[in-house]
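Q: If you scroll down you'll find the structure; I have some questions about it.
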Amino acid sequence: YMVGSGHYGLSHEFDSSVYIIKCGRELVMIDTGAGCKTGNILKNIEKDGFQPDDLSTILLTHSHADHAGGAGKFKEIYNPRVYISKEEADFIKSSDDSVLKLDIAKRSGLYSTDYKFYPCEPSDIIKDGDTIIIGDFAFHSITVPGHSEGSVCFKVELPEGLALFTGDVVFAEGVIGLLNCDGSDLSSYRKNIQKLSGLGIELLFPGHFVFVLSNGQKHIDKAVESLKLLGLPRNFL
Numbered sequence: 259y260m261v262g263s264g265h266y267g268l269s270h271e272f273d274s275s276v277y278i279i280k281c282g283r284e285l286v287m288i289d290t291g292a293g294c295k296t297g298n299i300l301k302n303i304e305k306d307g308f309q310p311d312d313l314s315t316i317l318l319t320h321s322h323a324d325h326a327g328g329a330g331k332f333k334e335i336y337n338p339r340v341y342i343s344k345e346e347a348d349f350i351k352s353s354d355d356s357v358l359k360l361d362i363a364k365r366s367g368l369y370s371t372d373y374k375f376y377p378c379e380p381s382d383i384i385k386d387g388d389t390i391i392i393g394d395f396a397f398h399s400i401t402v403p404g405h406s407e408g409s410v411c412f413k414v415e416l417p418e419g420l421a422l423f424t425g426d427v428v429f430a431e432g433v434i435g436l437l438n439c440d441g442s443d444l445s446s447y448r449k450n451i452q453k454l455s456g457l458g459i460e461l462l463f464p465g466h467f468v469f470v471l472s473n474g475q476k477h478i479d480k481a482v483e484s485l486k487l488l489g490l491p492r493n494f495l
């Protein structure tokens, strides 16, 4: 269930896509949005027939504010476990704009000048190849540095098919998320996105824009193949 998205007007305009998965009695949230008006996300969870009190786990794809800025607030209210990669963990503990790359993001018009990141102490560190069992589901982590230093994709078998939550690593139609700031690196992208090849993904849930409910691997493979060529691939900004 998508319960937050600035692009689609489901929640605050700064928010990435925010997803909820019902795992037996527990709810898992993948990314949290920016932390502005989180009540809108909670209302959407309730509209989908779930109780926010059942939120047991937050899986963060990376530390950028539109994806992780709400983690601290949700943790303060519901005390879920918060998972993030080692490379990204120190960022979400900070409220310093320069550490979080918010200074350049604000100059680029992605956030208002008065936006403040709400720090969060992560509960658990994710490594490449980890399996996180939550209720009835097993979430497999795939680290794909490139968009950021420690971006993580989460693979999980849902009743509808094999799904991949990609954050800003890859989007529909093979678009990638390369940025002009520290931590985002084309060479890392080129090397690590190969991990997403041949996974047999049916459902693709990226951090922005449209999601894909069938043949998601085709969209992923477009990005994988484009990063084998001389020219720059299609980018989200």
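The opening residue of the sequence shown carries number 259 in my numbering; numbering runs sequentially from there. A virtual CB, placed ideally from N, CA and C, is assigned to each residue, including glycine. None of the values given here were measured: they were computed from a predicted structure.
1) Only counting the same chain, and skipping five residues up and downstream in sequence, which positions put a Cβ closer than 6 Å to that of Phe-262?
2) Within 10 angstroms of the Cβ of His-320, are there 16 or more other Cβ atoms? Answer buried if so, exposed if not.
3) Given Ala-363, which residues of its chain have a CB within under 6 Å of its CB, disregarding the five upstream and five downstream residues?
4) Compare the Cα-Cα distances from Glu-407 to each of Asp-372, Glu-431, Leu-437, Lys-374 and report the closest residue.
5) Which one of Asp-311, Asp-361, Arg-448, Asp-479 has the shortest CA to CA distance from Leu-490?
6) Can you have a look at Pro-403 and say buried or exposed, based on whether 16 or more other CB atoms are within 10 angstroms of its CB?
7) Figure out for me which residue from Ser-484, Phe-349, Ala-430 has the closest Cα to the Cα of Pro-380.
8) Leaving out five residues on either side along the sequence, give the residues of the same chain with a beta carbon under 8 Å from the beta carbon of His-477.
9) For Ile-391, count the other beta carbons within 10 Å of its own beta carbon; 16 or more makes it buried, fewer makes it exposed. Which is it?
10) Could you tell me the distance, in whole angstroms, from the CA atom of Ser-343 to the CA atom of Ile-278?
11) Which first and last residues belong to the beta strand (DSSP E) in which Tyr-277 is found?
12) In chain order, what residues of the same chain have a beta carbon less than 6 Å from the beta carbon of Asp-330, not counting five sequence neighbours either side?
13) Candidates Gly-419, Cys-439, Ile-384: which alpha carbon is nearest His-405's?
14) Counting only beta-carbon atoms, is Val-482 nearer than 8 Å to chain B?
A: On the basis of the data shown:
1) Taking the sequence shown and counting its residues from 1, the one referred to as residue 262 is at position 4. Per the sequence shown, residue 262 should be read as Gly rather than Phe. Cβ neighbours of Gly-262 within its own chain (closer than 6 Å, five residues either side excluded): Leu-268, Ser-269, Asp-273, Val-276, Gly-291, Ile-299.
2) Locating residue 320 in the sequence shown gives position 62, counting from the first residue. Answer is buried; the Cβ neighbour count reaches 16.
3) By one-based count along the sequence shown, residue 363 stands at place 105. Counting only Cβ-Cβ distances below 6 Å, and skipping sequence neighbours, we find Tyr-369.
4) Position 149 of the sequence shown, counting from 1, holds the residue named residue 407. Cα-wise, what sits closest to Glu-407 is Leu-437.
5) As a working mapping, residue 490 is identified with position 232 in the sequence shown. Looking at Asp-311, Asp-361, Arg-448, Asp-479, the one whose alpha-carbon comes closest to that of Leu-490 is Arg-448.
6) Numbered from 1 along the sequence shown, position 145 holds the residue referred to as residue 403. It counts as buried.
7) By 1-based counting over the sequence shown, the position of residue 380 is 122. Taking only the C-alpha atoms, the option nearest Pro-380 is Phe-349.
8) Working through the sequence shown from its first residue, we reach residue 477 at position 219. So the list reads Val-428, Phe-429, Ala-430, Glu-431, Gly-432, Leu-462, Val-470, once near-sequence residues are dropped.
9) The residue labelled residue 391 in the question sits at position 133 within the sequence shown. Looking at its Cβ environment, which holds fewer than 16 other Cβ atoms inside 10 Å, Ile-391 is exposed.
10) Within the sequence shown, numbered from 1, the residue matching residue 343 stands at position 85. Within the sequence shown, numbered from 1, the residue matching residue 278 stands at position 20. Spanning the two alpha carbons is a distance of roughly 20 Å.
11) Taking the sequence shown and counting its residues from 1, one reaches residue 277 at position 19. Per DSSP, Tyr-277 belongs to the beta strand (DSSP E) from 276 to 281.
12) Along the sequence shown, one-based indexing puts residue 330 at 72. Per the sequence presented here, residue 330 reads as Gly, with Asp not at that position. The answer, listed in chain order, is Tyr-376, Pro-377, Cys-378.
13) Taking the sequence shown and counting its residues from 1, the one referred to as residue 405 is at position 147. If we check each option's Cα against that of His-405, Cys-439 comes out closest.
14) Annotation note: the requested chain B is absent from the structure, which comprises a single protein chain.
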